[in-house]
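Working notes for the structure below.
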Amino acid sequence: MSHVAVDNVHGLEQQLAVLDLAAADGPGGGSGRRYIPPHLRNNEVFQNDGVGGWDAGRNTFVNGYHDNRLNGAQSFNRGPPRMERGRGGIGGGGYRGNRGGAFNPINAINPMQPMAFGGYENKDAGGWNAPKEPYGSFANNRGKSAFFNDRGGNANRGRFDHWAKQTPPNERLEHELFSGSNTGINFEKYDDIPVEATGQNVPHHIDSFQDIEMGDIVMSNINLTRYTRPTPVQKYAIPIIKTKRDLMACSGKTAAFLLPILSQIFVEGPGEALAAAKASGQDNGKYGRRKQFPISLVLAPTRELALQIYDEARKFSYRSRVRPCVVYGGADIGQQIRELERGCHLLVATPGRLVDMMERGKIGLDFCTYLVLDEADRMLDMGFEPQIRRIVEQDSMPPKGLRQTMMFSILARDFLEDYIFLAVGRVGSTSENITQKVVWVEESDKRSFLLDLLNATGKDSLTLVFVETKKGADALEDFLYREGYACTSIHGDRSQRDREEALSQFRSGRCPILVATAVAARGLDISNVKHVINFDLPSDIEEYVHRIGRTGRVGNLGLATSFFNDKNGNITKDLLDILVEAKQEVPSWLESLAYEHQHKSTTRGRSKRFSGGFGARDYRQTSATNNPGGFGGRGGRNQSVHGGNRGFGGGGGFGNFYSGDGYGGNYSHSQVDWWGN
DNA sequence: AAAAAAG
């Protein structure tokens, strides 16, 4: 049980200190001279249309949600969601509420600053624009009273400020949540990671968690998790999200979005969502009781990842009134429904189960103003597009611009509005803290080669073995088991219970060898994986990068060994690129193979997802065209720009994204996978 | 010739 003194002295001065107020042309500025990456150019915000998004409907807010749901077409009339209200800044508009205002020089002042003038004099804007920062010095009372006045006398509304107060500690829960600590993290490595943010009015990044006011609850939980300093993504993402901007980032640690979202929820309270949930509780509809209206939704591609995010959310919402929930397939839905019914403010979900829940009337997204798509590219690859559109666009979720959307991948800008693009160099993928080895191993030799590797590995270090098929995973696990190794496996044909059991046995070290399919490649954060073995190489380089990213986490050293043979021709070139980029040893045979392969294959098609209307192609085509400055391109080398998660070379800056030598030659990724998809 | 996710 630890007590954390949160030093509120940091408030405004600290924030001002980190703001680059003087530099209108700097990262915080909005000068027209600033480079606007092509993927942002068509954004309506830059077209100065001066039409205020929901302004038209602003006065028609009717202090309730029932009305809105009946006339779905007029969703703008439901009144601005929470995030719009405090949008403040000076000069009234607030960033999104006044699109033309993006070019107003006054907005060059960083919106992160909790300014309290502006919204007040404007009667019309009053309630929404008045900051309600309980932490911001002078914003306090005025902001709140304006808020209350505007809302009328709904009793529920008045309670929101309690959400910023810590609830009493619970020793047992605290131990459960925080005892598995992260140890041995080499944070120094982080400081080398380059980050580039593009977009209008990019808030200044923070250098420590104390640099931005996140409130007692969040700060206390940060301390309990022993996160000493923010990762590069967090340094940038936290202020961006706190200033209510949409965000697209190549990679993200869960905390990069959870911390600022929770912090905002604590500040702003449940708003309509609470009222709606309460009303729903009294309304025994067709499907029974209680529809929940989460304030924030996090979508993830795999069940295990959803679970992991949920676990993090539980930590960061400890001692608060926010109740996180998770829903995913393969588990008892009744149990999940009962959990939901106990209250759900932040929902983590896999798409399929969420749609199910929505259809059962258990979840309403009407007041979901924070949407996170984790591993969005992966979800689209996996064919979740219809379900995601169903969730995001074809139901009651506030439209973009009225909600805040954070996406960790570079696809699907359909869902974003006036966003900031964060390009973050990777830690622990192709960076130098992973030693990547590629060895030529014929199919028939793989097993014995694997045994050699396992024998050479220390008994207590974790080894993750990737195979390409579920069948292959079972077979290899059997084999290893018969050979006397403590191992387990995870793949999509195993029951959810077995999957979770396998993961926990692996994590705990009871089974230090895990044989896995792609299900375990992304996002899973298992500390202490010393060795990733690609028993079968994937056909997609992105998948490769994610797999090896399971080792060398958070600055630790890791080893990745890949078995290569003539079945892996399709990945040769990209693999070579990755090795070079990460300054790894390149076997000479791989180099010559890549050369041959390049001259063999002539026309390459595009994979499905490039034609999916998500703007992905636009981005990819253009992303390599310009170097926004500061991170010199590498010129000459033909880097693949494929895949948002292929950040930037370990120490090499931003070469492969903004190669500076034009689009054409950079587009080298094999667009057709092994199965011609 | 596959994996993932709803059941």
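Number 245 in the numbering used here belongs to position 243 of the first sequence; there are no gaps in the numbering.
Idealized CB from N, CA, C, for every residue including glycine.
Just so it is clear, the structure is predicted and the values come from calculations on it, not from any experiment.
Put R622 into one of helix, strand or coil per three-state DSSP. Because R622 carries a pLDDT of 30, less than 50, the predicted location of this residue cannot be relied on, and the following value inherits that uncertainty. Correct three-state label for R622: helix.
Is the number of C-beta pairs between the stretch 345 to 353 and the stretch 307 to 319 that are closer than 8 Å three or more? yes
With H, G and I counted as helix, E and B as strand and the rest as coil, what does DSSP make of N558? coil
Where DSSP assigns a beta bridge to K402, which residues make up the other side? DSSP lists R405 as partners of K402.
Going residue by residue through the stretch 508 to 592, where are the continuous alpha helix (DSSP H) segments of at least 4 residues, counting only ones entirely within it? 543 to 550 and 574 to 583
Reference T304, options I335, L382 and G271, closest by Cα: L382
Delimiting residues of the beta strand (DSSP E) encompassing L349: Annotation for L349: the continuous beta strand (DSSP E) segment containing it runs L348 to A351.
Apart from the five residues on each side of it in sequence, which residues of its chain come closer than 7 Å, Cβ to Cβ, to F537? K448, L452, V467, F468, V469, L478 and F565
If you draw a straight line from the alpha carbon of E173 to that of R323, how long is it in whole angstroms? 17 Å
Measure the alpha-carbon distance for V20 versus G217 and round it to whole angstroms. Confidence is the limiting factor: at V20 the pLDDT is only 21, short of 50, which leaves the residue's position unreliable, though a coordinate-based value still follows. Distance between the alpha carbons of V20 and G217: 17 Å.
Pairs of beta-carbons, one from the stretch 232 to 244 and one from the stretch 328 to 347, closer than 8 Å: are there three or more? Not touching, per the Cβ criterion.
Please classify A279 as buried or exposed, where buried requires at least 16 neighbouring CB atoms within 10 angstroms. buried
Between N530 and the rest of its own chain, which residues show a CB-CB distance below 6 Å, the 5 nearest in sequence each way excluded? By the criterion of a C-beta distance shorter than 6 Å, N530 is surrounded in its chain by L464, once the five residues flanking it on both sides are discounted.
Using 8 Å for Cβ pairs, my map puts L373 next to L299. What's the rounded Cβ distance? Right, the Cβ-Cβ distance comes to about 5 Å (below 8 Å), so this counts as a contact.
From K532, R524 and T563, residue whose alpha carbon lies closest to that of L539: T563
So which of F481, D213 and L260 has the shortest CA-CA distance to Q310? L260
Let me know if Y597 comes out buried or exposed under the rule of 16 or more other beta-carbons within 10 Å of its beta-carbon. Residue burial is scored here from C-beta neighbours: Y597 has fewer than 16 other C-beta atoms within 10 angstroms and is therefore classed as exposed.
Sufficient close CB pairs (3 or more, under 8 Å) joining the stretch 389 to 403 to the stretch 358 to 372: yes
Can you grab the Cα-Cα spacing for the pair R555 / V204, in whole Å? Distance between the alpha carbons of R555 and V204 is about 28 Å.
Rank Q212, W442, R355 and S510 by C-alpha distance to the C-alpha of A302 and give the top, closest one. Put simply, of Q212, W442, R355 and S510 the residue whose alpha carbon is nearest the alpha carbon of A302 is R355.
With H, G and I counted as helix, E and B as strand and the rest as coil, what does DSSP make of F369? coil
What's the gap between the Cα of T407 and the Cα of L456? Straight-line measurement puts the Cα of L456 at about 43 Å from the Cα of T407.
With DSSP as the reference, please indicate the residues paired to I422 in a beta bridge. L249.
Measure the C-alpha to C-alpha separation of V588 and Q294 and round it to an integer number of angstroms. 54 Å
Quick check on the burial criterion: 16 or more other C-beta atoms within 10 angstroms. Buried or exposed for A251? buried
To which residues does DSSP link A199 through a beta bridge? L424
Might you give, ordered along the chain, the residues of its own chain that have their beta carbon closer than 8 Å to the beta carbon of V220, omitting 5 neighbours on each side? If we look at V220 and ignore the five residues flanking it on each side, its Cβ neighbours are L261, L264, S265, F268 and F318.
Which of helix, strand or coil does DSSP assign to V324? coil
Can you tell which of Y330, M384 and D209 has its C-alpha closest to the C-alpha of T233? D209
Relative to the alpha-carbon of I515, which residue among A488, R380 and N558 has its alpha-carbon at the smallest distance? A488
Less than 8 Å between the C-beta atoms of S491 and A523, yes or no? no
Closest Cα partner of L526 within the set L424, R549 and R484: R549
Hey, out of L307, G460, D542 and D480, whose CA is closest to I580's CA? The residue with the shortest Cα to Cα distance from I580 is D542.
Does K244 come out as helix, strand or coil in the three-state DSSP assignment? helix
Neighbourhood of Y546 by C-beta, 6 Å cutoff - its chain only, sequence neighbours within 5 removed: P540
Figure out for me which residue from R231, P272, S181 and T200 has the closest Cα to the Cα of W165. When each option's Cα is compared against that of W165, the closest is P272.
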